[in-house]
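Chemist:
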Amino acid sequence: MHKIAEQPRLKGAKKLGAEFETRALEYLQQRGMTLIARNVAYHRGEIDLIMRDAKNTLIFVEVRARASMRFGGAAASIGKTKRTRLILAARCYLAAWRGRLPVCRFDAVIFDGEQISWLMNIFGVDDD
Numbered sequence: 001m002h003k004i005a006e007q008p009r010l011k012g013a014k015k016l017g018a019e020f021e022t023r024a025l026e027y028l029q030q031r032g033m034t035l036i037a038r039n040v041a042y043h044r045g046e047i048d049l050i051m052r053d054a055k056n057t058l059i060f061v062e063v064r065a066r067a068s069m070r071f072g073g074a075a076a077s078i079g080k081t082k083r084t085r086l087i088l089a090a091r092c093y094l095a096a097w098r099g100r101l102p103v104c105r106f107d108a109v110i111f112d113g114e115q116i117s118w119l120m121n122i123f124g125v126d127d128d
């Protein structure tokens, strides 16, 4: 059986995605956040960054980047399917949590071109 090689474009996209995640991590750390985990993957979804703030809130962070605002930009790319996958991944992560569950929220760090924005509490687990 032959393994199909990744297309060069996909490798480049993964590398670029990792670079944006690193930039987002540095941005959040400069604002007092502490990294708990990075690229936490489960069968139904992945969380780019898991951070903790000064109030011990656990924050699940989605990192998105778009070269332009065409089609609504990076924030618009976090649709219902993506939100559902983030919630499922967060539930899996919290299922292994020991002790009292912390207050949690979902944030996004978005890059539209070179513009970086931090969107806090972008949705809740009960949002449709």
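With the UniProt record's numbering, the residue at position 57 of the sequence shown is 57, and numbering never jumps.
Ideal placement from N, C-alpha and C gives every residue a C-beta, glycine not left out.
Please read these numbers as outputs of a predicted model, since none were measured by experiment.
When the Cα atoms are used, what is the spatial distance from residue 163 to GLN29?
Modeler: Nothing about residue 163 can be read from this structure; the chain reaches only from 1 to 128.
Chemist: Name the DSSP beta bridge partners of TRP97, please?
Modeler: In the DSSP output, where bridge partners are listed per residue, TRP97 has none listed.
Chemist: Is the CB-CB distance between TRP118 and ARG23 below 9 Å?
Modeler: It is not a contact, given that the beta carbons lie outside the stated cut-off.
Chemist: Taking the Cβ atom as the reference point for each residue, do ILE50 and VAL63 lie within a distance shorter than 9 Å?
Modeler: No; because the gap between Cβ atoms is not below 9 Å, this pair is not in contact.
Chemist: Using a Cβ-Cβ cutoff of less than 8 Å, which residues in the same chain neighbour GLU21 once the five nearest sequence positions on both sides are dropped?
Modeler: Cβ neighbours of GLU21 beyond the five flanking positions: ARG38, ASN39, ASP48, LEU49 and VAL63.
Chemist: State the Cα-Cα distance for the pair GLN115 and ALA65, rounded to the nearest angstrom.
Modeler: Distance between the alpha carbons of GLN115 and ALA65 is about 10 Å.
Chemist: Taking CYS92 as the reference, give the member of ILE59, LEU58, ALA41 and VAL109 with the closest Cα.
Modeler: If we check each option's Cα against that of CYS92, ALA41 comes out closest.
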